[in-house]
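Residue numbers (our numbering): 21 to 260.
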Amino acid sequence: MGGRLIAIEGIDGAGKGTQAATLLAALRAAGQRCELISFPRYRETYFGARIGEFLNGRFGGLDEVHPFLAAALFAGDRFESRTLLSEALARNDIVLLDRYVASNIAHQAAKLAGEQRAELIRQIEQLEHDVYRLPRADRVILLDLPVRVAQELISRKAARAYTDRAADLQEADAAYLESVREVYLGLAAERDGWRVVTVAPQGALRTVEEIAGDVLTAAIGEDGNRSDSPARLAEPPGVR
């Protein structure tokens, strides 16, 4: 049987990369075979490179590219990575993903409303899961925080490989990020397998260690009855 697929999601600046890496270390310390894959894969795939160009404005502003066409870029990046993903699942107990299909849904559906939004969500899921045959995540952990806190954290980021800007098209648009957050929270409320971890209650940012403890609990929750579950293993040092 293949490994479990756990996706770490959240708006830009939520700390997905940090928490994914911290969770990876915690699970490995607990004896789990575990691997981390981050999307988009800007330097590794054709579509990843095009995503970098999109986020730098090469194809126009956020409101100038139809959201389904933008979604096709991100889905194409995962399609190119399908073998990498399937091989990782075959050799690991858990595969962690820093962004996955839900990221595509949230960021593109945020540009629409009502039935148009619902239809786009259906189309993205059909493309990613039915056409490209990408596996569904077993667990989605949403790191939630206010947009103003997220943008402050974005301003502190080091240089990224895909852009020389302090903030890309998506990161710089506060109203857009509010809509993305709204879609994420709607998905979390409606769907099984989602867990929400609050990063900055009342706008006060928690420590990486505090957040990591909740992320670990979200990752291993509801599996305590399995003999091979990480929930039965001792909590690694440094994660409380």
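C-beta atoms are modelled at their ideal positions from N, C-alpha and C, and glycine is treated no differently. Here the structure is a predicted model, which is why all the values come from computation and not from measurement.
Pairing Trp214 with Phe79, the inter-Cα distance amounts to about 33 Å. Along the length of the region 52-81, whole alpha helix (DSSP H) runs at least 4 residues long occupy 66-75, reported in chain order.
From the listed residues Arg211, Glu64 and Leu93, the smallest Cα separation to Asn124 is found for Leu93. Judged by DSSP secondary structure, Ile144 falls within the alpha helix (DSSP H) whose first and last residues are Gly134 to Glu145.
With contact defined as three or more Cβ pairs closer than 8 Å, the region 39-55 and the region 133-141 are not in contact.
Leu162 and Val216 have their C-alpha atoms roughly 5 Å apart. Counting along the chain, the unbroken alpha helix (DSSP H) around Leu197 starts and ends at Ala194 to Glu210.
DSSP places Arg24 in the strand class (E or B) of the three-state scheme. Secondary structure at Arg226: coil, using DSSP grouped into helix, strand and coil. Comparing alpha-carbon positions, the option among Ile28, Val151, Asp234 and Ala208 lying closest to Ile114 turns out to be Ile28. Taking C-beta separations shorter than 8 Å and ignoring five residues to either side along the sequence, the partners of Tyr152 in its chain run Ala95, Arg98, Phe99 and Arg102, following chain order. Ala34 counts as buried, since no fewer than 16 other beta carbons sit within 10 angstroms of its beta carbon. DSSP places Leu165 in no beta strand (DSSP E); its state is neither H nor E. Non-local beta-carbon contacts of Gly30 in its own chain, meaning distances under 8 Å to residues more than five positions away in sequence, involve Lys36, Leu162, Leu163, Asp164, Leu165, Tyr204 and Val219 in chain order.
Of the residues assessed, Leu147 falls on the buried side of the cut-off, its CB having 16 or more other CB atoms within 10 angstroms. Per DSSP, reduced to three states, the secondary structure at Glu29 is strand.
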